[in-house]
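So the sequence lines, in the order shown, correspond to chains A and B.
Add 3 to a position in the first sequence, counting from 1, and you land on the number used in my numbering.
Add 29 to a position in the second sequence, counting from 1, and you land on the number used in my numbering.
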Amino acid sequence: GESVGLHLPTLSVQEGDNSIINCAYSNSASDYFIWYKQESGKGPQFIIDIRSNMDKRQGQRVTVLLNKTVKHLSLQIAATQPGDSAVYFCAENNNFGNEKLTFGTGTRLTIIP
Amino acid sequence: KAGVTQTPRYLIKTRGQQVTLSCSPISGHRSVSWYQQTPGQGLQFLFEYFSETQRNKGNFPGRFSGRQFSNSRSEMNVSTLELGDSALYLCASSPSGPNTGELFFGEGSRLTVL
Numbered sequence: 004g005e006s007v008g009l010h011l012p013t014l015s016v017q018e019g020d021n022s023i024i025n026c027a028y029s030n031s032a033s034d035y036f037i038w039y040k041q042e043s044g045k046g047p048q049f050i051i052d053i054r055s056n057m058d059k060r061q062g063q064r065v066t067v068l069l070n071k072t073v074k075h076l077s078l079q080i081a082a083t084q085p086g087d088s089a090v091y092f093c094a095e096n097n098n099f100g101n102e103k104l105t106f107g108t109g110t111r112l113t114i115i116p
Numbered sequence: 030k031a032g033v034t035q036t037p038r039y040l041i042k043t044r045g046q047q048v049t050l051s052c053s054p055i056s057g058h059r060s061v062s063w064y065q066q067t068p069g070q071g072l073q074f075l076f077e078y079f080s081e082t083q084r085n086k087g088n089f090p091g092r093f094s095g096r097q098f099s100n101s102r103s104e105m106n107v108s109t110l111e112l113g114d115s116a117l118y119l120c121a122s123s124p125s126g127p128n129t130g131e132l133f134f135g136e137g138s139r140l141t142v143l
């Protein structure tokens, strides 16, 4: 398959363990944050989002934490599975009405069977 | 419901040529965004269209252009291709815009410029 982000930060986690992927953002005006998952040969796929009026949001096996004080975002994946192996991107929307997302550089997560 | 469809999936061009990429959004979605993805620069925003109007544009030269049709389908064009234009071009659609909900991405058009 095709390779994306050859110089990405990487994270390897044993299957069944929890993983935490971190992201820092710089724009304090950002009010909407999203995590995307990109598997080899595919486009990014939405995982979970959070708005700046919240500090935590949970989905199925995933939790996003937002710390506005230090401009930090994290994605926690519980009980990781081989299918979780992918590149994970955080994205932010800065300024309401600015119809674009700014993506982070991504983290390559590898689940070790 | 069909997802976002991009054509062609793969193409090879030579320097100086031009290319047109096509994107069909999810039915009912009126916003279409385009992104360029490269290993060195990651995902970079090109432009976003809503109801045939470009609402925002990224920091790309004028060789990159796009348009949206009345049926929400979108095309992007790159003229006078350069080697550095080799990338995966991703299209994403949403009902009303990137800051009001998730973007649904297509699988991309991989452009190689020789």
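For every residue, glycine included, the Cβ atom is placed at its ideal position computed from N, Cα and C.
- Taking 8 Å as the Cβ-Cβ cut-off, the stretch 55-85 of chain A has no residue approaching chain B.
- Below the 7 Å Cβ cutoff, chain A contributes Phe92, Phe106 as neighbours of B:Leu72, in chain order.
- With contacts defined as CB atoms closer than 8 Å, B:Ser51 and B:Glu104 qualify as a contacting pair.
- With contacts defined by Cβ atoms closer than 8 Å, A:Leu69 and A:Phe36 form a contacting pair.
- Of all alpha-carbon atoms in B:Ser94, B:Ser80, B:Ser99, B:Glu111, the one lying nearest the alpha-carbon of B:Thr43 is that of B:Glu111.
- The beta-carbon distance between B:Gly137 and B:Gly32, rounded to whole angstroms, is 12 Å. This is too long to meet the 8 Å contact definition.
- B:Tyr39 counts as exposed, since fewer than 16 other beta carbons sit within 10 angstroms of its beta carbon.
- DSSP places A:Gly109 in the coil class of the three-state scheme, outside both helix and strand.
- Counting only unbroken stretches of 3 or more residues, the beta strand (DSSP E) elements lying wholly within the stretch 50-81 of chain B are 60-67, 71-79, in sequence order.
- Under DSSP, no beta-bridge partner is assigned to A:Lys45.
- With fewer than 16 other Cβ atoms from the protein chains shown falling within 10 Å of its own Cβ, A:Pro116 counts as exposed.
- Beyond the five residues adjoining it in sequence on each side, A:Gln48 comes within less than 8 Å, by CB distance, of Tyr39, Lys40, Gln41, Glu42 in the same chain, given in chain order.
- Counting the other CB atoms within 10 Å of its CB gives B:Leu143 a total below 16, which places it among the exposed residues.
- Around B:Gln83, the same chain offers Phe76 as residues with beta carbons nearer than 6 Å, after the five sequence neighbours per side are excluded.
- Only residues of its own chain outside the window of five on either side were considered, and among them Leu140, Thr141, Val142 have a CB closer than 7 Å to the CB of B:Ser115, listed in chain order.
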